[in-house]
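The block underneath contains the structure these notes are about, expressed in structure tokens.
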Amino acid sequence: MHPRTVFDGWRSISISLYMTLVGYAVLVGVPVISTAWVELLGFTEEQVGRVAGADLGGLSLGAVITALLVSRMNRRLLVLISVAIVIVSNGLCMVYLDYEQVLWLRVGAGVGSGMYTAVAVATLGGSSKPARAYNLMLFAFAFSQALEMQILPMLSMNGIYLVFIGCYLAGLPFLRWIPARPVDRSLEIELDVEGQSGEHRVEHRHVPAWVPWLVLAAIFFTYINIGAYWTYIELATIDAGIDNVYVGRLLVWTSFFSLVGCAVATVISNRFGLARPLLVALIGMAGVVGMLAFGINDINILISMFSFNLLWIFVDVYQMSTVANVDHSGSFASLMPGAQGLGQIVGPNIAATQIGAGMGYSAVFLMCSSAAAVGLLIYGAMYLWLRRSIPALAEAT
268 MHPRTVFDGW
278 RSISISLYMT
288 LVGYAVLVGV
298 PVISTAWVEL
308 LGFTEEQVGR
318 VAGADLGGLS
328 LGAVITALLV
338 SRMNRRLLVL
348 ISVAIVIVSN
358 GLCMVYLDYE
368 QVLWLRVGAG
378 VGSGMYTAVA
388 VATLGGSSKP
398 ARAYNLMLFA
408 FAFSQALEMQ
418 ILPMLSMNGI
428 YLVFIGCYLA
438 GLPFLRWIPA
448 RPVDRSLEIE
458 LDVEGQSGEH
468 RVEHRHVPAW
478 VPWLVLAAIF
488 FTYINIGAYW
498 TYIELATIDA
508 GIDNVYVGRL
518 LVWTSFFSLV
528 GCAVATVISN
538 RFGLARPLLV
548 ALIGMAGVVG
558 MLAFGINDIN
568 ILISMFSFNL
578 LWIFVDVYQM
588 STVANVDHSG
598 SFASLMPGAQ
608 GLGQIVGPNI
618 AATQIGAGMG
628 YSAVFLMCSS
638 AAAVGLLIYG
648 AMYLWLRRSI
658 PALAEAT
């Protein structure tokens, strides 16, 4: 859909992949980190939802800040600023341990990680094949997520913060691999049009700005589901009396199952495009999350967690690629972590409110399923409009 640019170089893609893994580390490690906040710092389950929401809401704010600057400011400078914020915030979390203090420090850490992640996501989106780039990112996530689930429970709370600091510092020597400036593109797609005499020519078709905004809104709702589910899934299984060792193993092995999702997502999108598989994935997501509202046992938690990790990959690849296909300036692409982070603050906080009101985890998982269904409705309406107005984008890969 787009010609090759400097963003297709292996250095650019490699450092961007690393940065996304580091920037999203808290997001993918939330189940373990949430348990650590309870067991090591003595936070209540409701407080955990607030702290997780603060961290991931800060990520959203950082992404919004980056979206305003990424097309005008040197991206390497943005990364340096973000790393400094993350180091200071995580360092202070090792000193100040009270709930109120940690709550605001995690907002700061989230802002830094949001800026860092937004630069990385926008850089990946600048490649000529964004679906492939994002699929590589999520493929790497499967390994990093499993690694976090294995290593973080062995560490103290300070040890977890030190790991985060070290990962951000480790990327700085490769800062020059990040392209400093974006390829400036408007909201458009390139169409290969066949003329009456059989010749082919490329036409540029403008895409209304509401299309990426609508995708960002759908990302927000799908991440309300993901944020609440991923924050409370381990605590919910413990509450249901499921063996802790069994749950820990599931967290690790279901993370590796995401690899299957990466491979299958690529094959399916190449054949059927992005939109239709996304709609099917969201239907499945609403079902496997909602089933836990009717009770948790060894079997359905296994089915739910494996399916969730598989479908999470599908949803992310298709959502992020849809935005990147129409915006290579990076402004909308850098807002994707913002939409994810905003959903991550709203989801855990709604769940925390439900738990605080004594509604239990059944209500939480019902809310998660409903949020996924709203995302499904948004995409469904958008897909029907695109099929009539811009069929090439509706079936884009």
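In this note's numbering, each residue's number is its place in the sequence shown (first place is 1) plus 267. Quick reminder that beta carbons are idealized off the backbone N, C-alpha and C, glycines included.
Whose C-beta lies closer than 8 Å to the C-beta of residue i among residues of the same chain, with five residues either side of it excluded?
i, result
"residue 305", "311, 312, 315, 502"
"residue 650", "542, 543, 546, 661"
Using C-beta distances below 7 Å, list every residue in its chain close to residue i, excluding the 5 sequence neighbours before and after it, in chain order.
i, result
"residue 506", "628"
"residue 341", "447"
"residue 404", "284, 287, 391"
"residue 511", "505"
"residue 332", "382"
"residue 370", "317, 318, 321"
"residue 616", "316, 317, 320"
"residue 635", "492, 495, 496, 556"
"residue 532", "402, 580, 581, 584"
"residue 336", "345"
Just to confirm before moving on: does the CB-CB distance between residue i and residue j stay below 8 Å?
i, j, result
"residue 640", "residue 553", "yes"
"residue 605", "residue 330", "yes"
"residue 521", "residue 564", "no"
"residue 286", "residue 379", "no"
"residue 373", "residue 325", "yes"
"residue 642", "residue 549", "yes"
"residue 559", "residue 632", "yes"
"residue 490", "residue 412", "no"
"residue 527", "residue 445", "no"
"residue 368", "residue 519", "no"
"residue 601", "residue 334", "yes"
"residue 377", "residue 608", "yes"
"residue 482", "residue 589", "yes"
"residue 415", "residue 299", "yes"
"residue 599", "residue 440", "no"
"residue 303", "residue 427", "yes"
Grab the span of the alpha helix (DSSP H) containing residue i for me, first residue to last.
i, result
"residue 384", "366–392"
"residue 439", "First-last for residue 439: undefined, no H or E at that position."
"residue 504", "477–506"
"residue 556", "542–557"
"residue 297", "297–308"
"residue 319", "312–336"
"residue 448", "Here residue 448 belongs to no alpha helix (DSSP H), and DSSP marks it neither H nor E."
"residue 655", "627–656"
"residue 357", "342–360"
"residue 420", "Unbroken run through residue 420: none, as it is neither H nor E."
"residue 582", "565–591"
"residue 283", "277–290"
"residue 613", "603–623"
Can you find the residues in the same chain that come closer than 6 Å, C-beta to C-beta, to residue i, ignoring five residues on each side of it along the sequence?
i, result
"residue 587", "401, 603"
"residue 350", "435"
"residue 637", "none"
"residue 652", "none"
Go ahead and label residue i buried or exposed: buried means 16 or more other beta carbons lie within 10 angstroms of its beta carbon, across all protein chains shown.
i, result
"residue 580", "buried"
"residue 570", "exposed"
"residue 673", "In the structure as shown, the chain begins at 268 and stops at 664. Residue 673 is therefore absent and cannot be evaluated."
"residue 443", "exposed"
"residue 398", "buried"
"residue 535", "buried"
"residue 357", "buried"
"residue 566", "exposed"
"residue 222", "Because residue 222 is not part of the residues shown, which for the chain are 268 to 664, the question remains open."
"residue 225", "Missing from the structure shown is residue 225; the chain here goes from 268 to 664 and no further."
"residue 648", "exposed"
"residue 409", "buried"
"residue 431", "buried"
"residue 476", "exposed"
"residue 281", "exposed"
"residue 290", "buried"
If I'm right that residue i touches residue j with Cβ under 8 Å, what's the distance once you round it to whole angstroms?
i, j, result
"residue 274", "residue 394", "5 Å"
"residue 328", "residue 381", "6 Å"
"residue 500", "residue 572", "7 Å"
"residue 364", "residue 323", "In fact, because the Cβ distance is near 20 Å, the residues do not count as touching under 8 Å."
"residue 498", "residue 297", "5 Å"
"residue 568", "residue 509", "6 Å"
"residue 574", "residue 551", "7 Å"
Quick check: is any heavy atom of the ligand SAM less than 7 Å from the C-beta of residue i?
i, result
"residue 540", "This structure simply doesn't include the ligand SAM, nor any ligand for that matter."
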